[in-house]
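Residue numbers (the working numbering): 25 to 335.
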């Protein structure tokens, strides 16, 4: 990752596309602009008097790339309300938002049904705090110096200005696997929507934050004098997550999904002949850099072959 993981030559640019790369949350900003505009059309068409509405966002959250992109969009003018993180039991983000304390953990990662948002220390929290503090890099540097120090923690709440702002801008909820499964069932029963486990975390978080009633319907919160609505971000298709779907809905429901609702592109992929994995073994007589050069050359050949097959 980082700069050492990036490479450029006359033909190709190779870089990591996880959300440590600023390009990822920059791209994800578009999702929230699109969501706001679609929600605005729907809200105004159904309630013309709600021209001045508030839209809160609930996002399944791990490394915080999505919520960072959402906050960046808000900072440049997208009129969103509160941004809410739905997290699983690996809940550093929830602890930070609710207590103002960010602390490294020595505990092992807990296994969950929402594995894509398993995280111990979300690396986009630093980016989010940078924008929260109006790009006060000295303040963020101070916090992260403490995090890397003997105490391995920092307390946002020690600065009342930024703690108050954090509480006004963000909320969060911690979701167990049992609550995830219940949310997945609610989504199917009430909306006919086959959800992946991470979207189910966001839906359960919306319920716990009182955006939805017991039947999964939108509550008309009006605490701020406007009609407050909520958008829950869906992050993947259920087809990628057989085990969580079977755990929540049962084997018969998964078979029904496979027969009638499985995405056509996913079906085509499943029907393709699976290739043996490519193993990258290190030559002990070579340095790390020399081995990496060999692996990169092999990867480039693989990519060029795949690209050639699509021409």
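Think of the CB as a built atom: it goes at the ideal place given N, C-alpha and C, for glycine as much as any other residue. None of the values given here were measured: they were computed from a predicted structure.
- Comparing alpha carbon positions, the residue from 85, 44, 122, 90 closest to residue 192 is 122.
- About 36 Å separates the CB atoms of residue 162 and residue 138; that is not less than 8 Å, and the two are not in contact.
- In the three-state scheme derived from DSSP, where H, G and I count as helix and E and B as strand, residue 59 is classed as helix.
- In the DSSP assignment, residue 251 falls within the unbroken beta strand (DSSP E) covering 251–256.
- Each of 69, 292, 109, 263 was checked against the Cα of residue 281, and the nearest Cα belongs to 263.
- Residue pairing by DSSP leaves residue 260 without any beta bridge partner.
- Listed as beta-bridge partners of residue 80 by DSSP are 254.
- Per the C-alpha coordinates, the member of 128, 132, 213 positioned closest to residue 174 is 128.
- Cβ contact annotation for residue 153 (same chain, cutoff 6 Å, sequence separation greater than five): 164, in chain order.
- By the neighbour-count criterion, in which a residue is buried when 16 or more other Cβ atoms sit within 10 angstroms of its Cβ, residue 185 is exposed.
- Residue 313 carries a helical assignment under DSSP once its states are collapsed to helix, strand and coil.
- Here residue 332 carries a helix assignment [DSSP, helix/strand/coil].
- Within the model, the alpha-carbon separation for residue 42 versus residue 52 is close to 12 Å.
- By the neighbour-count criterion, in which 16 or more other beta carbons inside 10 Å mark a residue as buried, residue 214 falls on the exposed side.
- Sixteen is the threshold: since fewer than 16 other Cβ atoms of the shown chains lie within 10 Å of the Cβ of residue 54, the residue is exposed.
- Burial of residue 278 is indicated by the presence of at least 16 other C-beta atoms within 10 angstroms of its C-beta.
- Minimum Cα-Cα distance from residue 304 among the listed residues 318, 310, 291, 311 corresponds to 318.
- Around the beta-carbon of residue 66, fewer than 16 other beta-carbon atoms lie within 10 Å, marking it exposed.
- Counting along the chain, no alpha helix (DSSP H) covers residue 179; the unbroken beta strand (DSSP E) around it starts and ends at 177–179.
- For the pair residue 216 and residue 109, the Cα-to-Cα distance works out to about 24 Å.
- Restricting attention to beta strand (DSSP E) runs no shorter than 3 residues, the stretch 65–119 encloses them at 77–84, 107–111, ordered along the chain.
- Following the DSSP letters along the chain, one finds residue 232 inside the alpha helix (DSSP H) bounded by residues 221–232.
- Here the alpha carbons of residue 224 and residue 76 stand approximately 29 Å from one another.
- Scanning its chain for C-beta atoms nearer than 8 Å, with the 5 sequence neighbours on each side dropped, one finds around residue 48 the residues 41, 42, 89, 93, in chain order.
- Contact check for residue 222 against residue 120 fails: the beta carbons are separated by 9 Å or more.
- When the beta-carbon positions are compared, residue 206 and residue 258 stay at least 9 Å from each other.
- According to DSSP, residue pairing for residue 127 in a beta bridge involves 177.
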